[in-house]
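A.B. asks: Please see the structure below; I have some questions.
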Amino acid sequence: MAKNRALQQWRVEDSIELYGIRNWGAGHFTISEAGEVVICPQGARGPQISIPEIIAGLRARGYNMPVLLRVENFLDTRIANIHESFRKAIKNLSYKGAFRGVFPIKVNQQQQVVEKIAQFGARYHHGFEVSSKAELIAAVSLLRDSEACLICNGYKDEEFIDLGLQSQRLGCNLFFVLEMPGELDVLIERSRALDVRPSIGVRARLAVRADGHWTDSGGERSTFGLSPDQIVDVVDKLKTCDMLDCFRLLHYHLGSQVPNIRDIRTGVMESSRLYVGLVQEGAPMGYLDLGGGLAVDYDGSHTNNISSRNYTLDEYCVDVVETIMSILDERQVPHPSIITESGRATVAYYSVLLFNILDVSMVEEVRLPDTMPDDTPEPVRNLREVLSGISPRNLQECYNDAVYYRDEMRQLFFTGRVALRQRTTAERFFWAIVMRIAREKGKLKNVPRDLEDIDVSLADIYYGNFSVFQSLPDSWAIDQLFPVMPVHRLNEFPSRQGIISDITCDSDGRIDHFIDSQGIKPTLDLHLLHDGEEYYLGAFLVGAYQETLGDLHNLMGDTNVVSIRAADDGTYEYVREIRGDSVADILSYVEYEPRRILEDLRVTAEKAVRDGRISPSERFAIMQTFEDGLRGYTYFER
Ligand SMILES: *Cc1c(COP(=O)(O)O)cnc(C)c1O
Numbered sequence: 006m007a008k009n010r011a012l013q014q015w016r017v018e019d020s021i022e023l024y025g026i027r028n029w030g031a032g033h034f035t036i037s038e039a040g041e042v043v044i045c046p047q048g049a050r051g052p053q054i055s056i057p058e059i060i061a062g063l064r065a066r067g068y069n070m071p072v073l074l075r076v077e078n079f080l081d082t083r084i085a086n087i088h089e090s091f092r093k094a095i096k097n098l099s100y101k102g103a104f105r106g107v108f109p110i111k112v113n114q115q116q117q118v119v120e121k122i123a124q125f126g127a128r129y130h131h132g133f134e135v136s137s138k139a140e141l142i143a144a145v146s147l148l149r150d151s152e153a154c155l156i157c158n159g160y161k162d163e164e165f166i167d168l169g170l171q172s173q174r175l176g177c178n179l180f181f182v183l184e185m186p187g188e189l190d191v192l193i194e195r196s197r198a199l200d201v202r203p204s205i206g207v208r209a210r211l212a213v214r215a216d217g218h219w220t221d222s223g224g225e226r227s228t229f230g231l232s233p234d235q236i237v238d239v240v241d242k243l244k245t246c247d248m249l250d251c252f253r254l255l256h257y258h259l260g261s262q263v264p265n266i267r268d269i270r271t272g273v274m275e276s277s278r279l280y281v282g283l284v285q286e287g288a289p290m291g292y293l294d295l296g297g298g299l300a301v302d303y304d305g306s307h308t309n310n311i312s313s314r315n316y317t318l319d320e321y322c323v324d325v326v327e328t329i330m331s332i333l334d335e336r337q338v339p340h341p342s343i344i345t346e347s348g349r350a351t352v353a354y355y356s357v358l359l360f361n362i363l364d365v366s367m368v369e370e371v372r373l374p375d376t377m378p379d380d381t382p383e384p385v386r387n388l389r390e391v392l393s394g395i396s397p398r399n400l401q402e403c404y405n406d407a408v409y410y411r412d413e414m415r416q417l418f419f420t421g422r423v424a425l426r427q428r429t430t431a432e433r434f435f436w437a438i439v440m441r442i443a444r445e446k447g448k449l450k451n452v453p454r455d456l457e458d459i460d461v462s463l464a465d466i467y468y469g470n471f472s473v474f475q476s477l478p479d480s481w482a483i484d485q486l487f488p489v490m491p492v493h494r495l496n497e498f499p500s501r502q503g504i505i506s507d508i509t510c511d512s513d514g515r516i517d518h519f520i521d522s523q524g525i526k527p528t529l530d531l532h533l534l535h536d537g538e539e540y541y542l543g544a545f546l547v548g549a550y551q552e553t554l555g556d557l558h559n560l561m562g563d564t565n566v567v568s569i570r571a572a573d574d575g576t577y578e579y580v581r582e583i584r585g586d587s588v589a590d591i592l593s594y595v596e597y598e599p600r601r602i603l604e605d606l607r608v609t610a611e612k613a614v615r616d617g618r619i620s621p622s623e624r625f626a627i628m629q630t631f632e633d634g635l636r637g638y639t640y641f642e643r
């Protein structure tokens, strides 16, 4: 274990192992000789860009933490990886169809992200998946490639359908995917009215269910999609209307972050059978759309943990292509174009949330009284005795006694029979006992169950300048794990164990589960703060889902967002900067009018002048403070 090295000399290599950066970094991130997290735009062997250096550059340009850093190169790389992997599998297996990737806009709807995907994806005919009118309009405005697919999922009203049909007229290769049977009548009617022959697909409700956080969107009981029975009805209705030639695509979606390749394969198998069935029914088909689900290895364990995946991208592609072939070839059905809607795997690596630590709260060595006054209550005397009697053989017993006497003192305090200082003395002895037990515990081979987590109660609390609700909502809502670690000082031994609290002061606004090669750990290895020096942490792989699920809890707004683009020689530029929300912005989101706020404040201030509490020039200074405050960043500034 690397930590044994602490006593000798901590090396960068030890940090690499401790934080598992090689496992989850996928060659995009590593630690430099200087002990800094670096970005590797061309993989592990190429040039390195120091994250602390990027932060220094941002500070010099007047950007405060937190900052969401986007590395454009990674978006480019991920899109290329997905296409190259499929291209390789298709070539090696002699598959006859093409691969067509699409990006589901809901995974990161930010204009800048969608625009870059359109740009980087152009050479591969990468398209979009949309589930609403707003997403459709955004996608059509950015997609200039008539070979790229535009998949319309979601419940579609007449307006949505008209937008789709008109987009087809503009040259979009657009597919209407039926989510429920009722949509078909409207689609038929509108396509006749506008005289456009639509490309139609159906979303199949498969029997297979994958394990994972989000799998309620798949499986037989899923609320989305058509049952085989309803799909046959679609075929019949299209035949009656002489529109069966419009039936081109079969779609399904197992749910996001499917960690087990077996579930992926089962889904492909079941949908391939359905596909064969539709071809046998006389539909022309041509496209099989496997939806999303391609997982990201957040914890780096390469297992079927929900935060991981037990397959590589190459294995995913080979499995998909092989499985489709095995079923279609058996029935001599021509190979369709394969579509995948990978969102998470496309954008997760692209963004890093950077924040500074504002303060740390530690359970310090407690000061115990030298002497006991005569009126010392009995439980306090007992606690002192427990402390002096601790040995590796009686840890559990001492712990039980300590809790008992501490609670007894609390009870006496509640009923007014002991004084505040007497109770405080009891709590000090209690913590001294807990600390001693935590130390002694290290000498045991088998630690009693109750004492396993005792270190957690002693963990430091590092206060981070960010909001979990705004920037890492899945960490709060579904306990999703993201790799979190310091981005510098990694050539120093991280001597503290801490959890991270955000600045919303909400008890849920914290990160207390961290990735670990042996599973999940309750605390993170962190460094002691140095006086007058910032300590920066990064939350990695946060490009998928986090930005648009985030909310305005405690009125913490959008963070500053900065994109960098690295050149081949390792130089980089800040290609785009978006200022985070100001206090005025955030207040206006919840229906305040900043102008009105100032007006109300002016009235209050003028009254204070009239009442003689402040002078007119003091009023000026006070109003100045409020005006500056409204213009300021919603996060802690220094
Ligand atoms: C959410 C969603 C996706 C994206 O899934 P990922 O696991 O992020 O790739 C794809 N298709 C549909 C229909 C979705 O709802």
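Take 6 as the starting number for the sequence shown in the working numbering and just add one per residue.
Built from N, CA and C at the ideal position, the CB exists for glycine as well.
The model shown is predicted, which means the values in this text are computed figures rather than measured ones.
Taking just the CA atoms, how far does A626 sit from S620?
C.D. replies: Position 615 of the sequence shown, counted from the start, is the residue given in the question as residue 620. Position 621 of the sequence shown, counted from the start, is the residue given in the question as residue 626. Cα-Cα distance, rounded: 10 Å.
A.B. asks: Could you tell me which residues DSSP puts in a beta bridge with Y468?
C.D. replies: Against the sequence shown, residue 468 aligns to sequence position 463. DSSP lists D364, S506 as partners of Y468.
A.B. asks: Roughly how many whole angstroms lie between the Cα atoms of L495 and G421?
C.D. replies: Within the sequence shown, numbered from 1, the residue matching residue 495 stands at position 490. Within the sequence shown, numbered from 1, the residue matching residue 421 stands at position 416. Roughly 51 Å between the two C-alpha positions.
A.B. asks: So the alpha helix (DSSP H) R195 belongs to, where does it begin and stop?
C.D. replies: Here residue 195 refers to the residue found at position 190 of the sequence shown. 188 to 199 is the extent of the alpha helix (DSSP H) around R195.
A.B. asks: So the beta strand (DSSP E) R615 belongs to, where does it begin and stop?
C.D. replies: Start at 1 with the first residue of the sequence shown, and residue 615 comes out as number 610. Element bounds for R615: not the beta strand (DSSP E) but the alpha helix (DSSP H), 599 to 615.
A.B. asks: Expressed to the nearest angstrom, what Euclidean distance is found between the alpha-carbon atoms of F519 and T35?
C.D. replies: In the sequence shown, residue 519 corresponds to position 514, counting from 1. In the sequence shown, residue 35 corresponds to position 30, counting from 1. Cα-Cα distance, rounded: 18 Å.
A.B. asks: Using the C-alpha atoms, what's the distance from A407 back to L456?
C.D. replies: Reading the sequence shown from its first residue, position 451 is the one you call residue 456. Reading the sequence shown from its first residue, position 402 is the one you call residue 407. Rounded to the nearest angstrom, the two C-alpha atoms are 13 Å apart.
A.B. asks: Considering only their Cβ atoms, is the gap separating I54 from V571 smaller than 8 Å?
C.D. replies: Mapped onto the sequence shown, residue 571 falls at position 566. Mapped onto the sequence shown, residue 54 falls at position 49. Note on residue identity: the sequence assigns Ala, not Val, to residue 571. Going by C-beta atoms, A571 is nearer than 8 Å to I54.
A.B. asks: What is the rounded straight-line gap between the Cα of K93 and the Cα of I266?
C.D. replies: Your numbering for residue 93 matches position 88 in the sequence shown. Your numbering for residue 266 matches position 261 in the sequence shown. Approximately 19 Å, taken between the alpha carbons.
A.B. asks: Taking C-beta to C-beta, are G106 and S347 nearer than 8 Å?
C.D. replies: By 1-based counting over the sequence shown, the position of residue 106 is 101. By 1-based counting over the sequence shown, the position of residue 347 is 342. Closer than 8 Å, so yes.
A.B. asks: Alpha carbon to alpha carbon, how far is V76 from E320?
C.D. replies: Looking up residue 76 in the sequence shown gives position 71. Looking up residue 320 in the sequence shown gives position 315. If I take the Cα positions, the gap works out to 26 Å.
A.B. asks: In chain order, what residues of the same chain have a beta carbon less than 8 Å from the beta carbon of G40, not counting five sequence neighbours either side?
C.D. replies: Sequence index remark: in the sequence shown, residue 40 carries index 35 (1-based). Excluding positions up to five away in sequence, the list reads V17, S20, H493, R494, L495, N496, E497.
A.B. asks: Would you call the segment 292 to 299 in contact with the segment 62 to 76, where contact means no fewer than 3 C-beta pairs closer than 8 Å?
C.D. replies: As far as the Cβ criterion goes, the segment 292 to 299 does not touch the segment 62 to 76, which means the pair count is below three.
A.B. asks: Grouping DSSP H, G and I as helix and E and B as strand, with all else coil, what is L255?
C.D. replies: Indexing the sequence shown from 1 puts residue 255 at position 250. In the structure shown, L255 sits in a strand (DSSP, three-state: E or B).
A.B. asks: Is L299 close to ligand 1? I mean its beta-carbon at under 7 Å from any heavy atom of the ligand.
C.D. replies: On the sequence shown, residue 299 is found 294 positions in, with the first residue counted as 1. Yes; taking the cut-off as 7 Å, the Cβ of L299 has a heavy atom of ligand 1 nearer than that.
A.B. asks: Quick one: does the C-beta of G447 sit closer than 7 Å to a heavy atom of ligand 1?
C.D. replies: As a position in the sequence shown, residue 447 is number 442, starting the count at 1. The answer is no for G447.
A.B. asks: Would you give the residue range spanned by the alpha helix (DSSP H) that K446 belongs to?
C.D. replies: Residue mapping note: residue 446 aligns to position 441 of the sequence shown, counting from 1. First-last of the alpha helix (DSSP H) with K446: 425 to 446.
A.B. asks: With DSSP collapsed to three states, give me the class of N565.
C.D. replies: In the sequence shown, the residue the question calls residue 565 occupies position 560. Strand, per DSSP.
A.B. asks: Check whether the segment 277 to 290 and the segment 234 to 241 touch, using three or more Cβ-Cβ pairs below 8 Å as the test.
C.D. replies: Enough Cβ pairs lie closer than 8 Å, so yes.
A.B. asks: Three or more beta-carbon pairs under 8 Å between the segment 524 to 538 and the segment 483 to 493, yes or no?
C.D. replies: Enough Cβ pairs lie closer than 8 Å, so yes.
A.B. asks: Please report how far the alpha carbon of I569 lies from the alpha carbon of I504, in whole angstroms.
C.D. replies: Taking the first residue of the sequence shown as position 1, residue 569 is located at position 564. Taking the first residue of the sequence shown as position 1, residue 504 is located at position 499. If you take the alpha carbons of I569 and I504, they lie about 30 Å apart.
A.B. asks: To which residues does DSSP link A31 through a beta bridge?
C.D. replies: In the sequence shown, counting from the first residue as 1, residue 31 sits at position 26. Answer by DSSP bridge pairing: none, since A31 is not bridged.
A.B. asks: Is the beta carbon of G585 closer than 8 Å to that of T564?
C.D. replies: By one-based count along the sequence shown, residue 564 stands at place 559. By one-based count along the sequence shown, residue 585 stands at place 580. Yes, these two residues count as a Cβ contact at 8 Å.
A.B. asks: From the DSSP output, in three-state form, read off M248 for me.
C.D. replies: Looking up residue 248 in the sequence shown gives position 243. M248: coil per DSSP, three-state reduction.
A.B. asks: Does the beta-carbon distance from Y594 to L557 come in below 8 Å?
C.D. replies: Taking the sequence shown and counting its residues from 1, the one referred to as residue 594 is at position 589. Taking the sequence shown and counting its residues from 1, the one referred to as residue 557 is at position 552. Yes, they are a contact pair.
A.B. asks: Pull the bridge partners of R515 from the DSSP assignment, please.
C.D. replies: Counted from its first residue, the sequence shown places residue 515 at position 510. DSSP, once it has assigned bridges, lists S506 as partnering R515.
A.B. asks: Looking at C-alpha atoms only, which residue of S37, N78, P57, Y24 is the closest neighbour of S356?
C.D. replies: Locating residue 356 in the sequence shown gives position 351, where the first residue counts as 1. Checked all of S37, N78, P57, Y24; the closest Cα to S356 is N78.
A.B. asks: Out of Q416, V352, E164, I60, point me to the one whose CA is closest to Y541's CA.
C.D. replies: Residue mapping note: residue 541 aligns to position 536 of the sequence shown, counting from 1. Of the candidates Q416, V352, E164, I60, the one whose C-alpha sits nearest the C-alpha of Y541 is I60.
A.B. asks: Pull up the CB-CB distance for Y129 and I84, whole angstroms please, since I reckon it's below 8 Å.
C.D. replies: For the purposes of this step, residue 129 is taken as residue 124 along the sequence shown, with counting starting at 1. For the purposes of this step, residue 84 is taken as residue 79 along the sequence shown, with counting starting at 1. The pair is a contact, with the Cβ atoms about 7 Å apart (cut-off 8 Å).
A.B. asks: Tell me whether the beta-carbon of T639 lies closer than 8 Å to the beta-carbon of I602.
C.D. replies: The residue given as residue 639 occupies position 634 in the sequence shown. The residue given as residue 602 occupies position 597 in the sequence shown. Result no, Cβ atoms of T639 and I602 do not sit closer than 8 Å.
A.B. asks: Taking only the alpha-carbon atoms, compute the straight-line gap between R501 and G548 and give it to the nearest angstrom.
C.D. replies: If you number the sequence shown from 1, residue 501 lands on position 496. If you number the sequence shown from 1, residue 548 lands on position 543. Cα to Cα, the separation comes out at about 29 Å.
A.B. asks: Restricting to Cα atoms, I'd like to know which of Q551, R411, D167 is closest to I473.
C.D. replies: Residue numbering aside, residue 473 sits at position 468 when the sequence shown is read from its first letter. Sequence check: residue 473 is Val here, not Ile. Nearest C-alpha to V473: Q551.
A.B. asks: From E164 to P264, what distance separates their C-alpha atoms?
C.D. replies: If you number the sequence shown from 1, residue 164 lands on position 159. If you number the sequence shown from 1, residue 264 lands on position 259. Between E164 and P264, the C-alpha separation is close to 37 Å.
A.B. asks: Which residue spans inside the segment 317 to 366 form an unbroken alpha helix (DSSP H) run of at least 4?
C.D. replies: Listed in chain order, the complete alpha helix (DSSP H) runs (minimum 4 residues) inside the segment 317 to 366 are 318 to 335, 349 to 352.
A.B. asks: So P384 packs on E413, CB below 8 Å; how close in whole Å?
C.D. replies: Taking the sequence shown and counting its residues from 1, the one referred to as residue 384 is at position 379. Taking the sequence shown and counting its residues from 1, the one referred to as residue 413 is at position 408. About 5 Å separates the two Cβ atoms, so the contact holds.
A.B. asks: Can you grab the Cα-Cα spacing for the pair G634 / C45, in whole Å?
C.D. replies: Numbered from its first residue, the sequence shown carries residue 634 at position 629. Numbered from its first residue, the sequence shown carries residue 45 at position 40. One C-alpha to the other measures close to 39 Å.
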